[in-house]
Structures are given as C-alpha cells and as structure tokens.
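Single-structure report; data block below.
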Amino acid sequence: MIKARVTVTLKNGVLDPQGKAIEGALSSLGFQDVGHVRQGKVFDIELEGTDRAAAEANLKDMCDRLLANTVIENYTIALD
49 MIKARVTVTL KNGVLDPQGK AIEGALSSLG FQDVGHVRQG KVFDIELEGT
99 DRAAAEANLK DMCDRLLANT VIENYTIALD
C-alpha cells in the first residue's frame, strides 16, 4: 500500500476571498502577528500496490481530472 498526500493551493495572483476572511478573523481574535493567509486543500489518499511510479502517475491524473482546478490551482504530491 502506498500513502500519498496531495496539497492543492491557489496559483499566485488568484484572489483568495476565503483566505482573506480567515486573515481578518484571526486578526479580530487578537492574532496581530498574522500577515497573509492563503487557503488550500489537503487530500490523504491510500493506493493499493507498491509501484510508486504508477501511483504518482495515477495521482497526477486524479488531480488533473478532479482534485484540482488546474486553471487556478497548483498541486503537489508527496508519497510516503
């Protein structure tokens, strides 16, 4: 079994209203040292098999087809 973590974040230059809202909420809670906040998604996925190259190729396909909107989001894949 292969465990993977896929992290999806907005590309630079894409507006992040949820990140801005979190930034404001943290400030109102007294966390004045927080600068800029960007929001993203994390997926922990377990794949059957032991072929790491095939797993990474499948994960890239998953990201391109479903997990990430590649027009406005980047993704990274980390295998354990």
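The opening position of the sequence shown corresponds to residue 49 in this note's numbering, with each subsequent residue numbered one higher. Here a beta-carbon is modelled for each residue, glycine too, at the ideal position from N, C-alpha and C.
Cβ shell of residue i (< 7 angstroms), same chain only, five flanking positions each side left out
| i | result |
| --- | --- |
| residue 75 | 82 |
| residue 120 | 58, 59, 62 |
Whole-angstrom distance between residue j and residue i, CA atom to CA atom
| i | j | result |
| --- | --- | --- |
| residue 50 | residue 127 | 7 angstroms |
| residue 113 | residue 53 | 17 angstroms |
Residue i burial status per 10 Å Cβ neighbour count (16 or more: buried)
| i | result |
| --- | --- |
| residue 105 | exposed |
Opening and closing residue of the alpha helix (DSSP H) in which residue i lies
| i | result |
| --- | --- |
| residue 109 | 100-110 |
| residue 74 | 65-76 |
Proximal residues to residue i (C-beta, below 6 angstroms), its chain only, five neighbours per side dropped
| i | result |
| --- | --- |
| residue 124 | 55 |
| residue 93 | 52 |
The beta strand (DSSP E) enclosing residue i, as first and last residue numbers
| i | result |
| --- | --- |
| residue 118 | From DSSP, residue 118 is part of no beta strand (DSSP E); its letter is neither H nor E. |
| residue 91 | 88-95 |
Touching by the beta-carbon criterion (3+ pairs, under 8 angstroms), the region 53-63 and the region 78-97: Result yes; three or more Cβ-Cβ pairs closer than 8 angstroms.
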